[in-house]
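**Student:** Have a look at the structure that comes next, please.
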Amino acid sequence: MYQLRDCSEDLDLTYFYNEAEKRGYVNNSSQKVLVDCFRREERYKVWILYKDDLPIGSVASHTLPELGPNSYRICA
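Yeah, the sequence shown ends on 56 if you go by this note's numbering, and it's all consecutive.
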């Protein structure tokens, strides 16, 4: 079963980060590059996709002020 969960400090994403690093997905290999990089944005949200209780993907959205006050970028 698939689930989409809000990314939060209480999620253990060790498996996800290790798998990302093994596969060469540098932009998903740590909290620093997956979540913390958005902290400078006015608004942001990160979600983690789970399949059978294992984290297998991520989605993020953040403000994009260069394009206007109600602009967002969605990263999948």
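Each residue gets a CB set at the ideal place from its N, CA and C atoms; glycine is no exception. The model shown is predicted, which means the values in this text are computed figures rather than measured ones.
For N8, which residues in the same chain have their Cβ closer than 8 angstroms to its Cβ, ignoring the five residues on either side in sequence?
**Tutor:** Cβ within range, chain order: F(-4), Y(-3), A0, L14 and S38.
**Student:** Please go through the same chain and pick out, in chain order, the residues whose beta-carbon is closer than 6 angstroms to the beta-carbon of E21, but skip the five residues on each side of it.
**Tutor:** Closer than 6 angstroms at the Cβ level, and outside the excluded window around E21, lie H42 and T43.
**Student:** Compute the Euclidean distance between the alpha carbons of R53 and I28, then round it to the nearest angstrom.
**Tutor:** Each residue's Cα considered, the two are about 17 angstroms apart.
**Student:** Determine the extent of the beta strand (DSSP E) in which V26 is found, giving its start and end residues.
**Tutor:** Run containing V26: Y24 to K31, per the beta strand (DSSP E) assignment.
**Student:** Does any residue of chain B have a CB that is nearer than 8 angstroms to the CB of P35?
**Tutor:** Note that chain B does not occur in the displayed structure, where there is just one protein chain.
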